[in-house]
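**Q** Residue numbers (my numbering), protein chains in the order written: chain D, 1 to 245; chain Z, 1001 to 1245; chain G, 2001 to 2245; chain W, 3001 to 3245; chain E, 4001 to 4245; chain Y, 5001 to 5245; chain P, 6001 to 6245; chain L, 7001 to 7245. Here it is, the structure in full.
Protein chains: 8
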Amino acid sequence: MKILESVKAGIVSPPAALERLRQLPFEDLGFAKVDHHRALRQGFAEVVFGKGKTPVQVAGIVRSMLRRKDSRQNVLVTRADLRIFAAVKKTNRAAKFHPLSGVITIERSKEITGKGKILIVSAGTSDIPVAEEALLTAQMMGNRVEHLYDVGVAGIHRLLEHRENLTQARVIICVAGMEGALPSVVGGLVAVPVIAVPTSTGYGASFGGVAALLGMLNSCASNVTVVNIDNGFGAACVASCINRL
Amino acid sequence: MKILESVKAGIVSPPAALERLRQLPFEDLGFAKVDHHRALRQGFAEVVFGKGKTPVQVAGIVRSMLRRKDSRQNVLVTRADLRIFAAVKKTNRAAKFHPLSGVITIERSKEITGKGKILIVSAGTSDIPVAEEALLTAQMMGNRVEHLYDVGVAGIHRLLEHRENLTQARVIICVAGMEGALPSVVGGLVAVPVIAVPTSTGYGASFGGVAALLGMLNSCASNVTVVNIDNGFGAACVASCINRL
Amino acid sequence: MKILESVKAGIVSPPAALERLRQLPFEDLGFAKVDHHRALRQGFAEVVFGKGKTPVQVAGIVRSMLRRKDSRQNVLVTRADLRIFAAVKKTNRAAKFHPLSGVITIERSKEITGKGKILIVSAGTSDIPVAEEALLTAQMMGNRVEHLYDVGVAGIHRLLEHRENLTQARVIICVAGMEGALPSVVGGLVAVPVIAVPTSTGYGASFGGVAALLGMLNSCASNVTVVNIDNGFGAACVASCINRL
Amino acid sequence: MKILESVKAGIVSPPAALERLRQLPFEDLGFAKVDHHRALRQGFAEVVFGKGKTPVQVAGIVRSMLRRKDSRQNVLVTRADLRIFAAVKKTNRAAKFHPLSGVITIERSKEITGKGKILIVSAGTSDIPVAEEALLTAQMMGNRVEHLYDVGVAGIHRLLEHRENLTQARVIICVAGMEGALPSVVGGLVAVPVIAVPTSTGYGASFGGVAALLGMLNSCASNVTVVNIDNGFGAACVASCINRL
Amino acid sequence: MKILESVKAGIVSPPAALERLRQLPFEDLGFAKVDHHRALRQGFAEVVFGKGKTPVQVAGIVRSMLRRKDSRQNVLVTRADLRIFAAVKKTNRAAKFHPLSGVITIERSKEITGKGKILIVSAGTSDIPVAEEALLTAQMMGNRVEHLYDVGVAGIHRLLEHRENLTQARVIICVAGMEGALPSVVGGLVAVPVIAVPTSTGYGASFGGVAALLGMLNSCASNVTVVNIDNGFGAACVASCINRL
Amino acid sequence: MKILESVKAGIVSPPAALERLRQLPFEDLGFAKVDHHRALRQGFAEVVFGKGKTPVQVAGIVRSMLRRKDSRQNVLVTRADLRIFAAVKKTNRAAKFHPLSGVITIERSKEITGKGKILIVSAGTSDIPVAEEALLTAQMMGNRVEHLYDVGVAGIHRLLEHRENLTQARVIICVAGMEGALPSVVGGLVAVPVIAVPTSTGYGASFGGVAALLGMLNSCASNVTVVNIDNGFGAACVASCINRL
Amino acid sequence: MKILESVKAGIVSPPAALERLRQLPFEDLGFAKVDHHRALRQGFAEVVFGKGKTPVQVAGIVRSMLRRKDSRQNVLVTRADLRIFAAVKKTNRAAKFHPLSGVITIERSKEITGKGKILIVSAGTSDIPVAEEALLTAQMMGNRVEHLYDVGVAGIHRLLEHRENLTQARVIICVAGMEGALPSVVGGLVAVPVIAVPTSTGYGASFGGVAALLGMLNSCASNVTVVNIDNGFGAACVASCINRL
Amino acid sequence: MKILESVKAGIVSPPAALERLRQLPFEDLGFAKVDHHRALRQGFAEVVFGKGKTPVQVAGIVRSMLRRKDSRQNVLVTRADLRIFAAVKKTNRAAKFHPLSGVITIERSKEITGKGKILIVSAGTSDIPVAEEALLTAQMMGNRVEHLYDVGVAGIHRLLEHRENLTQARVIICVAGMEGALPSVVGGLVAVPVIAVPTSTGYGASFGGVAALLGMLNSCASNVTVVNIDNGFGAACVASCINRL
């Protein structure tokens, strides 16, 4: 607050203030240091990674996030389940659960801060959970988002029909399992960055998403980068980060 | 010969004779048992895998193959080099060396025994050696062969321009490194079998062709099968074998 | 229908019509684009991959497949369980469940379109589920199919007793776990293509089928190609595709 | 040219024309289809991947690139050596060789088309070749580029001293081998996208860059994406692509 | 006892006696040879690895450990669960269960034998179980222990705030999953040995802790050594062993 | 010598003496402790592993082995080259070099101490170096050895023709690369132990012998054990050890 | 029977008869070909691998094995559970279940056919299940068996105390998880063959037994061979096979 | 200097001064930031990692290190070759090259700062280069060092003869390739920390040191930690760091 008052008083210029805010400390919950400034620093929503945390822990972190009245950031819990949702729901009535992806959202702001549209393209039915995690994350972070599902490379005409959609996006997130070939084809059709997300779908030699991951890392399209297997959240973060530039 | 004479005499029917011939023994060269009947059994050319053999060994095997006057099979040496070629050339003047793929061919028959056309599709310049090994093998085994080079998935329009070529083939061999996505796209465009050959091109996370191999094994097109990394020869054998059905 | 009427009217030749039909679009179910033309394009049955889909999703796709009255294609659901079967059974009384392989079949046509016989050879008792998936798939796709079970390489005389069966097949599917050696031995005994399917049976250093997969990729028999671990369905697709040539 | 004339004549609007140009064909050199429009389509330089091509092949491609007078794109050859450089030098006097990274550049335009600054951060002396490949690629593609070398995580104060540099960049490329930890630390200090490039430096359990690659894919900073091991070129492409948004 | 009497009688010097004691045999429980001298030999607590043992087996070993009246060593059971704890609790009332890490402790001595302080640093909430196993082990072995949780590398300022804590420790145990970068940063800030423990947290390309393990083995800080994934116990043993020097 | 004199004097019984001799120390050469008793202890030849040692080191070790006049053990140097052979040859005129396998032999005894015959079976021409290493090792260790080359599983009739040879052996060493299937087939045909040696021949997915190694470890024949890739020497040691029982 | 009558009649010599018996066919149960002659051929017990088979299947195979009155072979079911045991128990009252290893035994013969003693050495408590599988298998196959448990390499004096036991065995089976170092130490102490069995105990970087497997394959003791992870049965088969020589 | 003058003047206490010195900056050579304070901070020698640097680069760094007159630190170049040595020799006459390990040493101080003795134990002849790198590093860092070579686990009596040496050391570095079992045995014999260094010796399934690395990470001795494959330098750093406590 002191910093912001200095800004008001004209002692500190807004950019300098923002810069200093980015270095400020964080609240200690005992089991997790809640970093309220991360949202501020990166202009993103507040996020909790649910997996490996108890419902009580998650609800505690969410409560701490909501307590700060000056913040209007959206809150996002990823990799949650119904037990975690029940605990969070008690903390905040507005919490919504998205069962396909296991995401909980608490929408506090509908402001659009991303400059263009983020398009999420996915290959098969079983890639939808990861695609939805990316979609919800990107929305909570203030982006206009569209999706294009079930457009795998073995039926290339399905994808080509949507060429217009592809060329209208500012950033594309491409979710695919199995051979992970979709980002290469999509990357060749557009001039914008493509964030590739391998998924752990498939069986046998898909090795839990490794085949798709390697395919994407070796993509012959030069506008493709890759995030971890099933990391729809991370892809949306990067896409959101690019979409604000 | 006895078997064939029995056939002439009407004691043994030709199919029965052929069947028996398929079980017959082979000539022993000391370091390698030359299996003259393999050619007969499978209707293929005589083949020597050059790598790991000395020029003298290869030339010896080739000489033994050529000695049998009743056979008019073509002779093929794969994974050879100039030193092996020099030794083979002394054995037979008609031997030709194909430096891109390291293949030596001795053409003794131009008979076309394959029923349709085999099309070889490859993705990048560095896949050409493997594609050429497949092309020469398929030709030596009596097939009409066409090729379509440099049609990677990141420039999908290049491939789609050749859709007619694709639909005219009876069997397709698809050679690709990096993400190995080409067979999935090609497989989705045709109704014939696609033999996928991963190549060891690329660097880093291509792991000497493993990325492409995994991509192909996980292909979402259901008419794709896979052979070993860089195994252009094997792909052509299977394609040839299918093309005679 | 317009295309087919043009054919009737003589404006479009049947092959050209077929060609155009192969490029036509598909029905959108929201969570999955049902590609009715894939069956037409490839002359195959309609197929749903059950794993990772809910019973409701699978039944919905099957219902959409059955709705098109002009099609008499068989319907196949792979990797299903009893809950999926219950949902599909409500959609169509004729649905049958095959518990060993988890396959659901709805037979609407008994037409044989494959030219020869497909033989399925498997090594051990635990390979039977994958072998049965291949068998049912090949049958649903209009092929005459035979099977030869429990003929592993450590008791080679069992296999050799069936040599006649082997030589009568037009395509052979070879299902094996552990060391995956069966396709090499079978491939050496016949002149037709052998589709090798590694299975995830075994323990320890079988690494969920990787040992068998590598063994098959390195097969010293040149008429062997490989599909993904446990992919009995894929092997049958390729075999069926070859058997129509 | 026809398209551009239509634009001049007012028949086609410039954006529509650009869109159509993006779909146009390419010149066929026999061994490689030179895709002149890729530069146009993506606003990038013309690029040849030198490794695995002969000097004659590379020089041929470069000559074809330079022939088109209407283009003023820079030309870049990556993974080249002195023999390739000698051949290219004959084609164009202005070609320069950068021995650390094996890059050849032919600068034909100094126009800056990127909106902000791309900062390249690298960890150790042995990461410099990859960092330089990224730096030259980004420059040739019309970006302002700065570099910050030898700022590994084990001496965190070196990195923190340059915090101002970090916060002034619009996109950051982070090149690191060994444990690949640098992108996580850098990602935590900035709010812009960080493209991580693992390098194959190190020995033993670095497994040719796999340790760094895995470290980067598992980065706990959510603004990090990853490209293939040693792929400085690819990182610069993506960064350049982002920097034009 | 004979040895100790010889010492009393002056026949054997204490160091020589200690030396001989270190080679003495052990008690045989049938399913496990309880090595009472290990505690003596290494000055450590008595330890049972609970995983893979039945509650009855663990309780039996603990009872045997407690029976020897002359020993005042603490007793530690790692990788236990509530069923094992119930069985141990019956054997000794003082047993305590620590559910986060699955550790059971029976404290019989509060003597501090370690010379300095052991500091345990961990990166994320999900690393806490392993960190706690290390913490309890180090305490039971007679060390002063402090902990510093949730100081990951993507928020480097959190770690730097605790620089004083870091420089006051005599040995540091650094627990981290994901990219495993924390030990490198910590190692660069201190001059004492850092024992790195990779954890199996994370998903996808974390490969159950392999990414973190490789990151730590490739650490660019030269005072870092590594123990097995999730081996908090082992790290504390080594730290304790160093802290007594 | 003292021990042996005690034997002569009747103080120590010969078996007791032998037992004690097995525990005796060894000669120290500075860079390698030559363990003369290993030969005595195991009744084997004296062996030097040549790879990674300089010619001077190898010759020094061989000289030390030959110096002990009371021993008549054969001497074997494995993984040697011509430079090592030149150095050894100076030490002992009788040394012979076997270029295929890189083995040097110095025969000092022709005594046959193995009870039965060891048969070495190998699959392809490129497996011969490893097979020869096994053959020479087994001979130097006092066994009757036969070999059967080029009997791969893809030509099963070649192997079956030699069934009699197989059933006459007391121990079989089976050398194979690629899919490593030979030991399973051989193991099923005999009732004696089969030592399987994977070789690093092949390419692509043979992964330097890993495919063959995994195949052999998963052998469905229960009389098969495995040694390291290319370890013909080790296989012969075990076979020799069994053949003396 | 005909063969044996010919023997009685003096037409066929006993060894020739035995030879012919070894090639005879087998009984077909539909789901599994019961190979009664395997027992005869290899002089072993009848064995069923229980895992992956239903209780009904296992009981059926066991019933078929017991039906042949002329055979007095012991029957062994490995990898069974209580449900399988219940089904087998109904077939034969004498069946016994060994819960540690999941082995079912039906003892029909107590004849000792092995010449010497087989010693089973294991490292830790969690290796006992695999050790017991080996022990029961070896006993059922007619061998005198002893065991030596909990003698890991980190307490080398425990092992050395049993040196006499080690030197009295004719074959040693060495069961160890974690670093798999026990076979090397044991192999160095004896002159007989050592069969090493890696176990899947351990966690983290033990990778389900891979660490132990690799350790054993790289053993520096030359009388060590290896079987698959957890394959106590296979180790006992080979040991038994050696012990009859 | 200012800081040290403040100390002299009594303004700053020595420990506080030392603390501040540890945070001070570093000299920039363009291609490498020479961190003179690392030596001061950690009390170690100045070190250059030679591999991947040119002779000119290494000599430049060494010259910069030697220029600071107030420092009397020893200088160490690891992974060097004769060409690097020639360049360094010109810079400083006192430089010595150790060809086995590729280490260059410039000794400027013989002060012993380590409190006890560091013992280096290695298993085989081919592990000596890594052991020597550890030995020279530890000496240059001011420790008393002894070595014990060629004491592998397959000849356990060799190691046990040196038990006294083992128990006299304050820290032990254990260098071993192949199965990497030595640290477990050594760790069980002593009560001090054991730093295990896997080496890349061996062949086949040693996978360049991975087998040894995994063996060491899974060591059943609880006083063992591990560094990277072939990292003799790192092991000596940690050992030295411990030896100063």
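Beta carbons: idealized from backbone N, C-alpha and C, even for Gly.
Going along chain Y, which residues have a C-beta under 8 angstroms from residue 1053(Z)?
**A** As a working note, residue 1053(Z) is residue 53 in the second sequence. Here the neighbours are 5125, 5126.
**Q** Are residue 7182(L) and residue 7123(L) close, meaning C-beta to C-beta below 8 angstroms?
**A** Position 182 of the eighth sequence, counted from the first residue, corresponds to residue 7182(L). Position 123 of the eighth sequence, counted from the first residue, corresponds to residue 7123(L). Against a cut-off of 8 angstroms, the Cβ pair of residue 7123(L) and residue 7182(L) comes out as a contact.
**Q** Beta carbon of residue 3172(W): closer than 7 angstroms to some heavy atom of the ligand COA?
**A** This structure simply doesn't include the ligand COA, nor any ligand for that matter.
**Q** Do you know offhand how far residue 7175(L)'s Cα is from residue 5064(Y)'s?
**A** For the purposes of this step, residue 7175(L) is identified with residue 175 of the eighth sequence, where counting begins at 1. For the purposes of this step, residue 5064(Y) is identified with residue 64 of the sixth sequence, where counting begins at 1. Taking the straight line from one Cα to the other gives about 26 angstroms.
**Q** Can you find a CB in chain D that lies within less than 8 angstroms of the CB of residue 2084(G)?
**A** Locating residue 2084(G) in the third sequence gives position 84, where the first residue counts as 1. No, no contact with chain D.
**Q** What is the DSSP secondary structure of residue 4129(E), reduced to helix, strand or coil?
**A** Within the fifth sequence, residue 4129(E) is the residue found at index 129, counting from 1. Here residue 4129(E) sits in helix by DSSP.
**Q** Would a check of beta-carbon distances place residue 5228(Y) closer than 8 angstroms to chain L?
**A** Counting from 1 along the sixth sequence, the entry for residue 5228(Y) is found at position 228. At least one chain L Cβ lies under 8 angstroms of residue 5228(Y).
**Q** Rounded to a whole number of angstroms, what is the C-alpha to C-alpha distance between residue 3079(W) and residue 3049(W)?
**A** The sequence position of residue 3079(W) within the fourth sequence is 79, counting from 1. The sequence position of residue 3049(W) within the fourth sequence is 49, counting from 1. When rounded, the distance between both Cα atoms is 6 angstroms.
**Q** Going residue by residue through the region 7152-7179 of chain L, where are the continuous alpha helix (DSSP H) segments of at least 4 residues, counting only ones entirely within it?
**A** Whole alpha helix (DSSP H) segments, 4+ residues: 7156-7160, 7163-7168.
**Q** Compare the C-beta of residue 6056(P) against all C-beta atoms of chain L and say whether one is closer than 8 angstroms.
**A** As a working note, residue 6056(P) is residue 56 in the seventh sequence. Answer no: the Cβ-Cβ gap between residue 6056(P) and chain L never drops below 8 angstroms.
**Q** Output yes if chain P places a C-beta closer than 8 angstroms to the C-beta of residue 7178(L); else output no.
**A** As a position in the eighth sequence, residue 7178(L) is number 178, starting the count at 1. Answer yes: the Cβ-Cβ gap between residue 7178(L) and chain P drops below 8 angstroms somewhere.
**Q** Tell me the DSSP secondary structure of residue 2245(G) in three-state form.
**A** Locating residue 2245(G) in the third sequence gives position 245, where the first residue counts as 1. Correct three-state label for residue 2245(G): coil.
**Q** Going along the chain, which residues of its own chain have a beta-carbon closer than 8 angstroms to the beta-carbon of residue 1118(Z), five neighbours each way excluded?
**A** Start at 1 with the first residue of the second sequence, and residue 1118(Z) comes out as number 118. Within the same chain, residue 1118(Z) has close Cβ partners 1138, 1143, 1144, 1145, 1146, 1169, 1170, 1171, 1172, 1173, 1236, 1239, 1240, 1243.
**Q** Please report whether the beta-carbon of residue 174(D) lies at a distance below 8 angstroms from any beta-carbon of chain Z.
**A** The residue labelled residue 174(D) in the question sits at position 174 within the first sequence. With 8 angstroms as the cut-off, residue 174(D) does not count as an interface residue toward chain Z.
**Q** Would you verify that the beta carbon of residue 6131(P) is, or is not, closer than 8 angstroms to some beta carbon of chain E?
**A** The residue labelled residue 6131(P) in the question sits at position 131 within the seventh sequence. Not one chain E Cβ lies under 8 angstroms of residue 6131(P).
**Q** Answer with yes or no whether the minimum CB distance from residue 4212(E) to chain D is below 8 angstroms.
**A** As a first step, residue 4212(E) is located in the fifth sequence; it is residue number 212 there, counting from the start. Closer than 8 angstroms: no.
**Q** Could you check the C-alpha separation between residue 5053(Y) and residue 3095(W) for me, to the nearest Å?
**A** On the sixth sequence, residue 5053(Y) is found 53 positions in, with the first residue counted as 1. On the fourth sequence, residue 3095(W) is found 95 positions in, with the first residue counted as 1. One C-alpha to the other measures close to 48 angstroms.
**Q** Assuming residue 1091(Z) is part of the alpha helix (DSSP H), what are its boundary residues?
**A** By one-based count along the second sequence, residue 1091(Z) stands at place 91. Per DSSP, residue 1091(Z) belongs to the alpha helix (DSSP H) from 1082-1091.
**Q** Three or more beta-carbon pairs under 8 angstroms between the region 216-227 of chain D and the region 4206-4226 of chain E, yes or no?
**A** No: fewer than three Cβ pairs fall under 8 angstroms.
**Q** For residue 6219(P) and chain L, any beta-carbon pair shorter than 8 angstroms?
**A** Taking the seventh sequence and counting its residues from 1, one reaches residue 6219(P) at position 219. For residue 6219(P), the answer is yes, since a Cβ of chain L falls inside 8 angstroms of its Cβ.
**Q** If I measure Cβ to Cβ from residue 6215(P) and keep anything under 7 angstroms in the same chain, skipping five residues before and after, which residues do I get?
**A** As a position in the seventh sequence, residue 6215(P) is number 215, starting the count at 1. Within the same chain, residue 6215(P) has close Cβ partners 6179, 6180, 6181.
**Q** Is it the case that the region 1158-1167 of chain Z contacts the region 1195-1212 of chain Z, given that we only count it when at least three CB pairs across the two stretches are under 8 angstroms?
**A** Output reads no: the region 1158-1167 of chain Z does not touch the region 1195-1212 of chain Z.
**Q** Starting from residue 198(D), trace the beta strand (DSSP E) in both directions and tell me its first and last residue.
**A** To locate residue 198(D), count along the first sequence from 1; it is residue 198. Note, residue 198(D): beta strand (DSSP E), 194-198.
**Q** Let me see if you follow: with CB-CB separation under 8 angstroms, is residue 3232(W) close to chain L or not?
**A** Translated into the one-based positions of the fourth sequence, residue 3232(W) becomes position 232. So no, residue 3232(W) is outside the interface.
**Q** List the residues of chain Y that residue 2239(G) touches, going by C-beta distances under 9 angstroms, in chain order.
**A** The residue given as residue 2239(G) occupies position 239 in the third sequence. Under the 9 angstroms cutoff, chain Y gives no residues; its nearest Cβ is about 20 angstroms from residue 2239(G).
**Q** Could one say the Cβ of residue 2270(G) lies closer than 8 angstroms to chain Y's Cβ atoms, at least one of them?
**A** The first residue shown for chain G is 2001 and the last is 2245, placing residue 2270(G) beyond what the model contains.
**Q** Going by CA-CA distance only, name the one from 5230(Y), 5191(Y), 5155(Y) that's closest to residue 5210(Y).
**A** Walking along the sixth sequence from the start, residue 5210(Y) turns up at place 210. For residue 5210(Y), the nearest C-alpha among the options comes from 5230(Y).
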